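Reviewing the structure listed below.
Numbering (the numbering used here), first residue to last: 6 to 188.
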(Lines of atoms letter the chains of each structure in order from A; the text may use other names.)
(Lines give C-alpha, C1' and ligand atoms only; values in the text may rest on other atoms or scores of the structure.)
Protein backbone atom coordinates (compact mmCIF):
# COMPACT_ATOMS: atom_id res chain seq x y z
CA UNK A 6 0.00 0.00 0.00
CA UNK A 7 1.34 3.41 -0.89
CA UNK A 8 1.95 5.99 1.85
CA UNK A 9 -0.94 8.30 0.91
CA UNK A 10 -3.42 5.40 0.89
CA UNK A 11 -2.09 4.00 4.16
CA UNK A 12 -2.26 7.42 5.83
CA UNK A 13 -5.78 8.09 4.55
CA UNK A 14 -6.95 4.70 5.85
CA UNK A 15 -5.38 5.25 9.28
CA UNK A 16 -6.95 8.71 9.65
CA UNK A 17 -10.38 7.28 8.75
CA UNK A 18 -9.91 4.49 11.30
CA UNK A 19 -8.92 7.02 13.96
CA UNK A 20 -11.98 9.16 13.26
CA UNK A 21 -14.21 6.09 13.48
CA UNK A 22 -12.60 5.18 16.82
CA UNK A 23 -13.05 8.76 18.09
CA UNK A 24 -16.70 8.75 16.99
CA UNK A 25 -17.18 5.43 18.79
CA UNK A 26 -15.50 6.82 21.94
CA UNK A 27 -12.74 4.21 21.74
CA UNK A 28 -9.91 6.76 21.96
CA UNK A 29 -8.79 8.31 25.25
CA UNK A 30 -10.31 11.80 25.09
CA UNK A 31 -7.32 13.49 26.69
CA UNK A 32 -4.97 12.40 23.90
CA UNK A 33 -7.13 13.22 20.86
CA UNK A 34 -5.78 16.76 20.42
CA UNK A 35 -2.18 15.46 20.32
CA UNK A 36 -3.12 12.79 17.77
CA UNK A 37 -4.76 15.40 15.57
CA UNK A 38 -1.71 17.68 15.79
CA UNK A 39 0.66 14.86 14.82
CA UNK A 40 -1.68 13.82 12.00
CA UNK A 41 -1.51 17.40 10.72
CA UNK A 42 1.95 16.57 9.39
CA UNK A 43 1.57 14.88 5.97
CA UNK A 44 4.67 12.76 6.68
CA UNK A 45 3.20 11.23 9.88
CA UNK A 46 0.12 9.32 10.96
CA UNK A 47 -0.77 7.93 14.38
CA UNK A 48 -1.38 4.19 14.48
CA UNK A 49 -2.31 3.58 18.12
CA UNK A 50 -2.23 5.42 21.42
CA UNK A 51 -3.04 5.36 25.11
CA UNK A 52 -3.20 8.39 27.41
CA UNK A 53 -1.91 6.29 30.28
CA UNK A 54 -3.91 4.28 32.76
CA UNK A 55 -4.21 2.78 36.19
CA UNK A 56 -5.03 -0.92 36.03
CA UNK A 57 -5.59 -4.07 37.99
CA UNK A 58 -4.09 -6.79 35.83
CA UNK A 59 -4.42 -10.55 36.15
CA UNK A 60 -0.92 -11.75 35.35
CA UNK A 61 1.25 -14.72 36.22
CA UNK A 62 4.87 -13.57 35.86
CA UNK A 63 5.89 -17.17 35.17
CA UNK A 64 3.88 -17.06 31.93
CA UNK A 65 3.93 -14.84 28.87
CA UNK A 66 2.43 -11.36 28.70
CA UNK A 67 -0.19 -12.74 26.30
CA UNK A 68 -1.84 -14.55 29.23
CA UNK A 69 -2.44 -11.26 31.07
CA UNK A 70 -6.01 -9.96 31.34
CA UNK A 71 -7.33 -6.62 32.52
CA UNK A 72 -9.52 -6.98 35.59
CA UNK A 73 -10.14 -3.23 35.97
CA UNK A 74 -8.71 -0.23 34.16
CA UNK A 75 -9.11 3.51 34.48
CA UNK A 76 -7.85 6.15 32.05
CA UNK A 77 -8.14 8.75 34.81
CA UNK A 78 -7.19 9.38 38.40
CA UNK A 79 -8.81 6.99 40.87
CA UNK A 80 -9.66 7.02 44.55
CA UNK A 81 -8.39 4.51 47.09
CA UNK A 82 -11.87 3.20 47.87
CA UNK A 83 -12.61 2.10 44.30
CA UNK A 84 -9.26 0.29 44.10
CA UNK A 85 -9.76 -1.38 47.49
CA UNK A 86 -13.26 -2.53 46.51
CA UNK A 87 -12.01 -3.90 43.19
CA UNK A 88 -9.16 -5.80 44.86
CA UNK A 89 -11.48 -7.13 47.58
CA UNK A 90 -13.91 -8.34 44.91
CA UNK A 91 -11.27 -10.14 42.85
CA UNK A 92 -11.85 -13.87 42.62
CA UNK A 93 -9.53 -14.81 39.78
CA UNK A 94 -6.90 -17.52 39.78
CA UNK A 95 -3.94 -15.49 38.54
CA UNK A 96 -2.01 -13.03 40.71
CA UNK A 97 -3.50 -9.52 40.59
CA UNK A 98 -1.16 -6.60 39.87
CA UNK A 99 -1.72 -2.89 40.48
CA UNK A 100 -0.11 -0.82 37.74
CA UNK A 101 0.17 2.79 36.67
CA UNK A 102 1.19 2.88 33.02
CA UNK A 103 2.56 5.80 30.97
CA UNK A 104 1.17 7.23 27.76
CA UNK A 105 2.22 5.41 24.61
CA UNK A 106 2.10 6.38 20.95
CA UNK A 107 2.74 4.40 17.79
CA UNK A 108 3.32 6.65 14.81
CA UNK A 109 4.01 5.71 11.20
CA UNK A 110 6.34 8.00 9.29
CA UNK A 111 6.54 8.31 5.51
CA UNK A 112 10.23 7.43 5.56
CA UNK A 113 13.25 7.10 7.83
CA UNK A 114 14.01 10.83 7.69
CA UNK A 115 10.51 11.73 8.95
CA UNK A 116 10.81 9.11 11.70
CA UNK A 117 14.13 10.53 12.88
CA UNK A 118 12.75 14.09 12.90
CA UNK A 119 9.72 12.89 14.91
CA UNK A 120 11.95 11.12 17.45
CA UNK A 121 14.20 14.18 17.74
CA UNK A 122 11.20 16.41 18.51
CA UNK A 123 10.02 13.92 21.13
CA UNK A 124 13.44 13.83 22.79
CA UNK A 125 13.69 17.62 22.75
CA UNK A 126 10.33 17.70 24.54
CA UNK A 127 11.65 15.37 27.25
CA UNK A 128 10.33 12.02 26.01
CA UNK A 129 13.41 9.82 26.24
CA UNK A 130 11.85 6.38 25.86
CA UNK A 131 11.19 5.46 22.25
CA UNK A 132 12.59 4.25 19.00
CA UNK A 133 12.00 2.72 15.62
CA UNK A 134 9.87 -0.43 15.81
CA UNK A 135 9.69 -1.43 12.17
CA UNK A 136 10.77 -0.45 8.69
CA UNK A 137 8.76 -1.23 5.57
CA UNK A 138 9.10 -0.10 2.01
CA UNK A 139 6.48 2.63 2.37
CA UNK A 140 6.79 3.59 6.05
CA UNK A 141 8.76 3.50 9.29
CA UNK A 142 6.94 2.83 12.57
CA UNK A 143 8.00 4.55 15.78
CA UNK A 144 6.97 3.91 19.39
CA UNK A 145 7.34 6.47 22.18
CA UNK A 146 6.16 6.35 25.77
CA UNK A 147 6.40 8.19 29.03
CA UNK A 148 8.37 6.95 32.01
CA UNK A 149 5.72 7.01 34.74
CA UNK A 150 5.47 3.34 35.66
CA UNK A 151 4.47 1.58 38.85
CA UNK A 152 3.73 -2.13 39.31
CA UNK A 153 3.34 -4.42 42.30
CA UNK A 154 1.28 -7.46 43.34
CA UNK A 155 -2.02 -6.09 44.66
CA UNK A 156 -3.45 -9.27 46.09
CA UNK A 157 -0.74 -9.60 48.74
CA UNK A 158 -0.55 -5.89 49.63
CA UNK A 159 -1.62 -5.23 53.22
CA UNK A 160 -0.91 -1.52 53.63
CA UNK A 161 -2.93 1.62 53.01
CA UNK A 162 -4.09 2.20 49.45
CA UNK A 163 -4.30 5.95 50.05
CA UNK A 164 -0.58 6.63 49.58
CA UNK A 165 -0.17 4.26 46.65
CA UNK A 166 -3.19 5.66 44.82
CA UNK A 167 -1.81 9.15 45.45
CA UNK A 168 1.44 8.16 43.71
CA UNK A 169 -0.45 6.55 40.80
CA UNK A 170 -2.61 9.66 40.42
CA UNK A 171 0.50 11.86 40.37
CA UNK A 172 1.80 9.68 37.55
CA UNK A 173 -1.42 10.26 35.62
CA UNK A 174 -0.97 14.00 36.17
CA UNK A 175 2.59 13.77 34.82
CA UNK A 176 1.26 11.90 31.76
CA UNK A 177 -1.19 14.72 31.11
CA UNK A 178 1.45 17.40 31.63
CA UNK A 179 3.77 15.68 29.13
CA UNK A 180 0.98 15.28 26.58
CA UNK A 181 0.03 18.97 26.89
CA UNK A 182 3.68 19.87 26.28
CA UNK A 183 3.74 17.66 23.17
CA UNK A 184 0.61 19.38 21.85
CA UNK A 185 2.58 22.63 21.63
CA UNK A 186 5.14 21.20 19.20
CA UNK A 187 4.97 22.12 15.53
CA UNK A 188 4.81 18.61 14.15
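Think of the CB as a built atom: it goes at the ideal place given N, C-alpha and C, for glycine as much as any other residue.
What you are looking at is a predicted structure, and each value in this text was computed from that prediction instead of being measured.
Please name the residue or residues paired with residue i in a DSSP beta bridge.
i           : result
residue 145 : 106, 131
residue 47  : 108
residue 74  : 56
Near residue i, what residues of its chain come up, given a Cβ to Cβ distance below 6 Å and the 5 sequence neighbours on each side ignored?
i           : result
residue 146 : 103, 105, 130
Here's the rule I'm using: 16 or more other beta-carbon atoms within 10 Å means buried, otherwise exposed. How should residue i be labelled?
i           : result
residue 86  : exposed
residue 158 : exposed
residue 74  : exposed
residue 72  : buried
What are the boundary residues of the beta strand (DSSP E) that includes residue i?
i           : result
residue 169 : Looking at the DSSP string, residue 169 is not in any beta strand (DSSP E); the run it does join, the alpha helix (DSSP H), is 162 to 184.
Take residue i and list the residues in its own chain whose beta-carbon comes closer than 7 Å to its own, dropping the five residues that flank it on each side.
i           : result
residue 162 : 81, 84, 85
residue 23  : 33
residue 49  : 107
residue 39  : 45, 47, 108, 188
Between which two residues does the alpha helix (DSSP H) harbouring residue i extend?
i           : result
residue 119 : 113 to 125
residue 155 : Run containing residue 155: none; DSSP gives neither H nor E here.
residue 79  : Taken as a continuous stretch (DSSP letters only), residue 79 belongs to no alpha helix (DSSP H), as it is neither H nor E.
### Message
Suppose only complete runs of 4+ residues qualify. What are the alpha helix (DSSP H) ranges in the region 24 to 68, listed by chain order?
### Response
33 to 40
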